[in-house]
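Report on one structure; see the data block that follows.
There are 4 protein chains.
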Amino acid sequence: MLRIGVIGGHLCDDDIAAVARRVGELVAWEGAALVCGGLGGVMEAAAVGARDAGGVVVGILPGDDIRTANPGVTIPITTGLGEARNVLVVKASDAVIAIAGGWGTMSEAALCFKLGVPLIRLKSDLQNLPSPIAETPEEAVEWAMERARERWE
Amino acid sequence: MLRIGVIGGHLCDDDIAAVARRVGELVAWEGAALVCGGLGGVMEAAAVGARDAGGVVVGILPGDDIRTANPGVTIPITTGLGEARNVLVVKASDAVIAIAGGWGTMSEAALCFKLGVPLIRLKSDLQNLPSPIAETPEEAVEWAMERARERWE
Amino acid sequence: MLRIGVIGGHLCDDDIAAVARRVGELVAWEGAALVCGGLGGVMEAAAVGARDAGGVVVGILPGDDIRTANPGVTIPITTGLGEARNVLVVKASDAVIAIAGGWGTMSEAALCFKLGVPLIRLKSDLQNLPSPIAETPEEAVEWAMERARERWE
Amino acid sequence: MLRIGVIGGHLCDDDIAAVARRVGELVAWEGAALVCGGLGGVMEAAAVGARDAGGVVVGILPGDDIRTANPGVTIPITTGLGEARNVLVVKASDAVIAIAGGWGTMSEAALCFKLGVPLIRLKSDLQNLPSPIAETPEEAVEWAMERARERWE
Numbered sequence: 004m005l006r007i008g009v010i011g012g013h014l015c016d017d018d019i020a021a022v023a024r025r026v027g028e029l030v031a032w033e034g035a036a037l038v039c040g041g042l043g044g045v046m047e048a049a050a051v052g053a054r055d056a057g058g059v060v061v062g063i064l065p066g067d068d069i070r071t072a073n074p075g076v077t078i079p080i081t082t083g084l085g086e087a088r089n090v091l092v093v094k095a096s097d098a099v100i101a102i103a104g105g106w107g108t109m110s111e112a113a114l115c116f117k118l119g120v121p122l123i124r125l126k127s128d129l130q131n132l133p134s135p136i137a138e139t140p141e142e143a144v145e146w147a148m149e150r151a152r153e154r155w156e
Numbered sequence: 004m005l006r007i008g009v010i011g012g013h014l015c016d017d018d019i020a021a022v023a024r025r026v027g028e029l030v031a032w033e034g035a036a037l038v039c040g041g042l043g044g045v046m047e048a049a050a051v052g053a054r055d056a057g058g059v060v061v062g063i064l065p066g067d068d069i070r071t072a073n074p075g076v077t078i079p080i081t082t083g084l085g086e087a088r089n090v091l092v093v094k095a096s097d098a099v100i101a102i103a104g105g106w107g108t109m110s111e112a113a114l115c116f117k118l119g120v121p122l123i124r125l126k127s128d129l130q131n132l133p134s135p136i137a138e139t140p141e142e143a144v145e146w147a148m149e150r151a152r153e154r155w156e
Numbered sequence: 004m005l006r007i008g009v010i011g012g013h014l015c016d017d018d019i020a021a022v023a024r025r026v027g028e029l030v031a032w033e034g035a036a037l038v039c040g041g042l043g044g045v046m047e048a049a050a051v052g053a054r055d056a057g058g059v060v061v062g063i064l065p066g067d068d069i070r071t072a073n074p075g076v077t078i079p080i081t082t083g084l085g086e087a088r089n090v091l092v093v094k095a096s097d098a099v100i101a102i103a104g105g106w107g108t109m110s111e112a113a114l115c116f117k118l119g120v121p122l123i124r125l126k127s128d129l130q131n132l133p134s135p136i137a138e139t140p141e142e143a144v145e146w147a148m149e150r151a152r153e154r155w156e
Numbered sequence: 004m005l006r007i008g009v010i011g012g013h014l015c016d017d018d019i020a021a022v023a024r025r026v027g028e029l030v031a032w033e034g035a036a037l038v039c040g041g042l043g044g045v046m047e048a049a050a051v052g053a054r055d056a057g058g059v060v061v062g063i064l065p066g067d068d069i070r071t072a073n074p075g076v077t078i079p080i081t082t083g084l085g086e087a088r089n090v091l092v093v094k095a096s097d098a099v100i101a102i103a104g105g106w107g108t109m110s111e112a113a114l115c116f117k118l119g120v121p122l123i124r125l126k127s128d129l130q131n132l133p134s135p136i137a138e139t140p141e142e143a144v145e146w147a148m149e150r151a152r153e154r155w156e
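Encoded structure:
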């Protein structure tokens, strides 16, 4: 099962949430697992979109309590690792989609380049990053799926 | 989705493998996700048993390469954390079944007591542990499912 | 600089504290760094003993706030990793001395065997472990220093 | 003992190395511990500068072998955590100085903003970061020491 990571802030406005929800839905339709940090905002919208489409949603949580997982998470990975769990979100993904996002997302995006994990951005303010920018959820998920498939060939 | 951890050595004989395989099968039939360290021996037998029964198998791997996952793993979590990933196997489980096992398993079992994660043993040589010992895979899985359900009530 | 780990419970009685304090003092006199989990009980007594003898004390803390370190810690390593930091205490030590201790200590002791880190016990209730038992702090520190020196030769 | 983190690439040219070495020297003269990732390039130059000035140098290593530590490290923390150890370099520092640097450094810098750890840059190509840029090692270390002192007041 391919694994598509979705990264983005734990708070977001309705437009960004709609985009993230659509990304989650498309990832589920592709038959890939959606990997995220398991909390609110972009993570929650993408997770709920994937779950409602019948997908598998892995939430790699900073704490120890599954009740902190957003309602879209089907498999909570309670790590107790705090922010170090961000590294796991990147490492456990075959390709990553960054949606909007602040410094936490920037840290994860930079880690993608460091580790060679394919990254595409959508509605992202992150600047000066050498990654493609998708115009639509469809384009982002198609690109991520292709790179994920290539990675383990 | 409840999460049942299975811990045990990365090498095991055929009798232990048959027991582990049966445990995996029963966990899948119960509709729970099986969580394990993703490598060989007990982990592999349990994972293959669960996957063949249509279950979800989370493999929390020490390294970065999904090709190190045993063939039963359906969701590889490549952590790059080395042995520190053992802590995650315990933390990401609602209850744990220890099958046979050496020092790595003992370390995880002790962590269960430290953290309050319910643990039951099956064909286990680990001594002086204050946890029940199951006679059969059926008994182990039934006990683990009950404790897992109670834990988040 | 050699690194001697001291593991033990975060609560202990006065007799155990006196033993731990003496162990810390001897480690400092040997010119080794004392590595511990940075909190109370055995960790604190050993740390204070080492610091008062002019030694270096590394406290590998579960949280993010240096104010949780006991007063003997001279170098707080705030990890935010929760209990996963226990693995680091073992990994960052060339040899380990276990004093008394409960399940957390047992988990770390088992990890020593798994990883091949030399372990000696002092006033320890931990049973069925294949490690020597020292009668005195002097014997424990001498043994640990010898094993630590051998390890990197 | 205050803890000043130095982050930067594991490869660097002679000019950057001279700057990093001077930073290390100044940190040691201030009586602070220098925290770094323990490998080559900027990490090594800063570590050797601090050690030669009599300072304490904590190297938080990705692997398990102290022989991977650069010769300036006086206290190797062998974590076996891979790139997740980068998070610990940031978390175990009261303030951070970024010297030059690539994507790994960018990931750590972004984490500083996320976590509220004071960051100053020196000879840094990292763009669009809301942190001051120092012209000299003296300015960087003075700023970092001030922020580190303020942080725990």
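Protein chains in written order, with my numbering: chain A, 4 to 156; chain B, 4 to 156; chain C, 4 to 156; chain D, 4 to 156.
We treat Cβ as the ideally placed atom computed from N, Cα and C, and that holds for glycine.
It should be emphasised that the depicted structure is a prediction, and the values quoted were computed from it without experimental measurement.
Interface residues of chain D facing residue i [CB-CB closer than 8 Å]
i, result
"W155 of chain A", "The contacting residues do not exist; W155 of chain A stays about 19 Å from chain D at best."
"L64 of chain A", "Simply none; closest approach about 15 Å."
Residue i burial status per 10 Å Cβ neighbour count (16 or more: buried)
i, result
"D17 of chain C", "exposed"
"E153 of chain B", "exposed"
"W146 of chain D", "buried"
"R25 of chain D", "buried"
"L14 of chain D", "exposed"
"E47 of chain A", "buried"
"N131 of chain D", "exposed"
"M4 of chain D", "exposed"
"G57 of chain D", "exposed"
"T81 of chain B", "buried"
"W106 of chain B", "buried"
"R124 of chain C", "buried"
"G119 of chain C", "exposed"
"E138 of chain C", "exposed"
"G52 of chain A", "buried"
"D55 of chain C", "exposed"
"E86 of chain D", "buried"
"P65 of chain B", "buried"
"R70 of chain A", "exposed"
"E156 of chain A", "exposed"
Residues bridged to residue i [DSSP beta-bridge criterion]
i, result
"I80 of chain B", "B:I63"
"I123 of chain D", "D:I100"
"L37 of chain B", "B:I7, B:V60"
"I136 of chain C", "C:R124"
Chain-ordered chain D contacts of residue i [CB-CB under 7 Å]
i, result
"E86 of chain B", "G83"
"D67 of chain C", "K94"
Neighbour list for residue i in chain A, Cβ cutoff strictly below 7 Å
i, result
"L118 of chain D", "E86"
Cross-chain neighbours of residue i in chain D, by beta carbon under 9 Å
i, result
"L37 of chain C", "What L37 of chain C touches in chain D: nothing, since even the nearest Cβ is about 11 Å away."
"L126 of chain C", "At residue 126 of chain C the sequence reads Lys, which differs from the Leu that was named. Within chain D, no residue comes near K126 of chain C; the closest Cβ sits about 27 Å away, beyond 9 Å."
Near the ligand MN: residue i beta-carbon under 6 Å from a heavy atom
i, result
"A31 of chain D", "Although the ligand MN was asked about, the structure shown includes no ligands whatsoever."
Contacts that residue i makes with chain C (C-beta to C-beta distance below 7 Å)
i, result
"M4 of chain D", "T77, I78"
Beta-carbon neighbours of residue i, restricted to chain A and to distances below 8 Å
i, result
"V61 of chain D", "Correct list: empty, because the minimum Cβ distance to chain A is about 17 Å."
Neighbouring residues, chain B, relative to residue i (Cβ below 9 Å)
i, result
"L91 of chain A", "I80, T81, T82, G83, L84, L91"
Neighbouring residues, chain B, relative to residue i (Cβ below 8 Å)
i, result
"N131 of chain C", "Q130, N131"
Any chain F beta carbon closer than 7 Å to residue i
i, result
"E141 of chain C", "Protein chains A, B, C and D are contained in the structure displayed, whereas chain F is not."
Interface positions of the stretch 98-116 of chain A facing chain D (Cβ-Cβ less than 7 Å), listed along the chain: W106, G107, M109, S110, A113, L114, F116
The stretch 13-46 of chain A: positions lying closer than 7 Å to chain D by Cβ: none
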